[in-house]
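> For the sequence shown, the positions run 1 to 594 when full-length UniProt numbering is used. Glycine is no exception: its CB is placed at the ideal position from the N, C-alpha and C atoms. Note that the structure is a prediction, hence the values are computed from the model and not measured. Dropping a structure here in structure tokens format, bear with me for questions.
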Amino acid sequence: MTKLSFLAPYAVNYSPVKAQFGHSEEQANPLRFTEPYSVNTSPLTIRFEGSDVDTTVGVFTQTDWDSQKSVGVLSESAWQSKRVTPFVEIVCPAIRLKVVTYELVCTWQPSLFRKGNEVVYAFAQLKPIFSKITLADTTLSRVSSELRTIWSASSNIMTTTSFSWFGMLASSIVDTNWDSSASTIATKIKIAYAPREPEYICVWASHPLPGIVHMAFEQASNPPLEMRFEIPDKICYWGLPGGLIRSGDDVPTLDRKIPIEPQIQRAYIMQPTITCKRLSDDTDILITSFSHSLERGQFAATGSIRFCSRIDMERAIGHEIIVSINGYEYVVICEQPSTSNNFNSASYSASIRGRFALLSTPYARETNYTNPTAKTLAGIMSDTLTNTGWTIDNQMVDYAIPKGAFSYRGLTPASALLRVAQSIGGILDFDDINKTVSVIPEWPVTPWDTDNAVCDVILNDSLILEHNTRQTVSPEHTAVFVRGEQQGVACKVKRTGTLGDQYAYDVVDSLITDNQAARQRGTCELARSGSKQISEIRTKLTASLPPIRPGMLIGIRYSDSLYKATCDSASISASINAQGAITVNQIIRVVSNA
């Protein structure tokens, strides 16, 4: 058996192995490879039928190989009467190779004759060469086309091996070690794009992100590294169809404030309506006029109502009535009736208050309160409305209040909640239909920062029926000290962008137990100071212009200018004349820095 071993890769594009029998170099059949090599073993094996010979000749060849990009194998053979010569030409590709077996099977004539030291075999009959080539590729798909490559190199290396035969049969095995490295040919990325069906999606719990982990064992670790190979837990959830967003996640909403701005029209068609019913039994009550007013700093709206007859007044006194004006509903308490008699005429009217007035005198009893445990600001507010049927909506910054820090004596629930709101610079806003009271800042936008704020409502001059302005003069403050009591804090609140050297009167309140409380109360005190411009605007109540609430930031647009101010009070008035014509107006008072 003859073995050929190569210690280094080829440096040229020609195979360094040439197997020759005798001296003929006739052409033979080509060889075809279907898969690349992946080992460093020569793919060439030559066997002759019969038993192994007694003596083998070893051939050692050392040649450098070069990495190639294609594979071409050509096997050419031509048979004569007494000798056979196969020619094998092999090129190594630039990929990892596997074992390729090349097998020749021939039938030899038993008789031999010797010519000198050379043994010559005479063939009685010939058989075709049987070639078997196996190529396995773990990274590339099978290529069915045949590729023939012409080898070009700076120099050709040809190795010729001569074999001397002894005995009747000869066997030769040539082994070649191949050395090559794989290279990336192409990269294919697959992206799924389509709405998917609903399904259960499972993820690993407490599992690291996919990636490469580098482990080094040349140094000791303190503490030792623990490696767990058990299967981690899975968390499965039901994924909704239509996209790749998890159904259980909280997707943030678009926090974008869009102001209410009625369209500018040449003419506005008004079809006002007024209805009044008793809330308990839905009894109709006829009225001729209605007014409803709410200011900052009040715990209930106030107003008046005029009835068509004495019977209507008696039906409404002491009851909750619901008044609908242009589709907007108001729930009020009818109290304190009054009668006016003139010659050939009589009028019946009463004063009204908002529904939240049921929590004040004379409908609710005065109570005392001290927080028995540490609570938050929202918890204190909820305690004041216990067993009243009203719910609290706190829009102020919440903070902690220590045990026993807050107390009051002789206050109704409405008065107590108003005191809590005023202690931190807030006001009350009501939803009489749903019995919800909101605590909002007295100045949601500070007067010196209105230019950068987005308005809640924008009024254009086509909807403004009347606009009156006046100014008040008062000193402007840029800093204020806000203090608590026994368990409170003391803070200096300064207006941004100023020196903070114009101090207002100190503020002391038992609810100032946190920096957030001091900041909110101090901001309110500084916003109240300074000269103010007060404007009273009369406008309409339409579907595109709802009732304006105190605390809103109002924009008044004249031509190309926009004037911003904070709503201080808002009132609605509706009346019916003798001909049955209905007139509805809303009047607002806005305040801004002069």
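Which parts of the segment 447 to 515 are runs of the beta strand (DSSP E), unbroken and 3 residues or longer, counting only runs that do not cross its ends?
Entirely contained in the segment 447 to 515, the beta strand (DSSP E) runs reaching 3 residues are, in chain order, 457 to 460, 464 to 472, 479 to 483 and 490 to 494.
> Under the assumption that serine 340 contacts serine 347 (Cβ atoms under 8 Å), give the Cβ distance between them as a whole number of angstroms.
With a Cβ gap of about 5 Å, serine 340 and serine 347 count as contacting.
> Which residue wins for smallest C-alpha separation from alanine 400, given the options Val489, Tyr363 and Asp431?
Per the Cα distances, Val489.
> Locate the beta strand (DSSP E) running through serine 382, then write down its first and last residues.
Taken as a continuous stretch (DSSP letters only), serine 382 belongs to no beta strand (DSSP E), being part of the alpha helix (DSSP H) at 377 to 384.
> Under the three-state reduction of DSSP, which class applies to phenylalanine 356: helix, strand or coil?
Here phenylalanine 356 sits in helix by DSSP.
> Pull up the CB-CB distance for threonine 539 and isoleucine 464, whole angstroms please, since I reckon it's below 8 Å.
Between isoleucine 464 and threonine 539 the Cβ distance is about 6 Å, and since that is below 8 Å, they are a contact.
> Could you check if serine 293 is buried or exposed, using at least 16 other CB atoms within 10 Å of its CB as the buried criterion?
So serine 293 ends up on the buried side.
> Just curious, the alpha helix (DSSP H) that glutamine 422 is in, first and last residue?
Its alpha helix (DSSP H) spans residues 413 to 423.
> Looking at C-alpha atoms only, which residue of Asp282, Ala578, Phe290 and Arg296 is the closest neighbour of proline 444?
Checked all of Asp282, Ala578, Phe290 and Arg296; the closest Cα to proline 444 is Arg296.
> The beta strand (DSSP E) spanning isoleucine 311 covers which residue range?
Counting along the chain, isoleucine 311 falls outside any beta strand (DSSP E), though it belongs to the alpha helix (DSSP H) covering 310 to 316.
> Tell me the residue span of the beta strand (DSSP E) that contains asparagine 394.
Its beta strand (DSSP E) spans residues 391 to 394.
> Given this structure, state the Cα-to-Cα distance separating threonine 412 from serine 592, to the nearest angstrom.
Taking the straight line joining both Cα atoms gives about 33 Å.
> Here's the rule I'm using: 16 or more other beta-carbon atoms within 10 Å means buried, otherwise exposed. How should lysine 492 be labelled?
Exposed: under 16 other Cβ atoms inside 10 Å.
> Hey, how far is the Cα of glycine 580 from the Cα of serine 349?
Approximately 19 Å, taken between the alpha carbons.
> What's the gap between the Cα of asparagine 585 and the Cα of serine 304?
Their backbone Cα atoms lie some 15 Å apart in a straight line.
> Suppose the cutoff is 6 Å on Cβ atoms and the five residues either side in sequence are ignored; what does the same chain contact list for leucine 545 look like?
So the list reads Pro262, once near-sequence residues are dropped.
> For tryptophan 204, which residues does DSSP report across the bridge?
Paired residues: Lys234.
> Per DSSP, which one or two residues make a beta bridge with serine 351?
According to DSSP, which records beta bridges pairwise, serine 351 is partnered with Ser304 and Glu335.
> Report all residues from its chain with a CB closer than 6 Å to the CB of serine 575; omit the five preceding and five following residues, and keep chain order.
The answer, listed in chain order, is Ser289 and Thr583.
> Tell me whether proline 475 is buried or exposed, calling it buried when 16 or more other Cβ atoms sit within 10 Å of its Cβ.
Its Cβ having fewer than 16 others within 10 Å, proline 475 is exposed.
> Confirm, please, whether the CB-CB distance from cysteine 308 to glycine 318 is below 9 Å.
No, they are not a contact pair.
> So the candidates are Trp238, Thr391, Tyr503 and Ile285; which of them puts its Cα closest to the Cα of glutamate 197?
It is Trp238.
> According to DSSP, is glutamine 298 helix, strand or coil?
Note: glutamine 298 maps to coil in three-state DSSP.
> Quick check on DSSP: helix, strand or coil for glutamine 586?
Reduced to three states, the DSSP call for glutamine 586 is strand.
> Could you check what DSSP says for threonine 388 in three-state terms: helix, strand or coil?
Coil, per DSSP.
> Sort Glu314, Ile322, Gln298 and Pro337 by Cα distance to serine 360 and report the nearest one.
Checked all of Glu314, Ile322, Gln298 and Pro337; the closest Cα to serine 360 is Gln298.
> For tryptophan 390, count neighbouring Cβ atoms within 10 angstroms of its own Cβ and tell me buried if that reaches 16, exposed if not.
It counts as buried.
> Going straight from the alpha carbon of proline 93 to that of isoleucine 189, what length do you get?
In this prediction, proline 93 has a pLDDT of 45, which is less than 50 and means its spatial position is unreliable; what the coordinates show is noted afterwards. The alpha-carbon atoms of proline 93 and isoleucine 189 are separated by roughly 26 Å.
> Should arginine 409 be listed as close to the ligand MN, given that the test is whether its C-beta is under 8 Å from any heavy atom?
For the ligand MN, the structure offers nothing, since it holds no ligand at all.
> Do serine 531 and alanine 594 have their CB atoms nearer than 9 Å?
It is a contact, given that the beta carbons lie within the stated cut-off.
> Let me check one thing: in DSSP terms, what residues is glycine 327 bridge-paired to?
Answer is none; glycine 327 lacks a bridge partner.
> Only counting the same chain, and skipping five residues up and downstream in sequence, which positions put a Cβ closer than 7 Å to that of glutamine 395?
Cβ neighbours of glutamine 395 beyond the five flanking positions: Ser438, Val439 and Ile440.
> Taking aspartate 560 as the reference, which of Ile269, Tyr330, Asn460 and Arg306 has the closest Cα?
Selected option, being the one with the closest Cα: Asn460.
> Look at the Cβ atom of phenylalanine 481, then the Cβ atom of aspartate 449, and state whether they are nearer than 9 Å.
No, Cβ-Cβ distance for phenylalanine 481 and aspartate 449 is not below 9 Å.
> Against chain B, does glutamine 219 count as a neighbour if the rule is that its beta carbon must be under 9 Å from one of theirs?
The structure shown has no chain B; it contains just one protein chain.
> Measuring only the C-alpha atoms, how far is isoleucine 554 from threonine 187?
C-alpha separation (whole angstroms): 60 Å.
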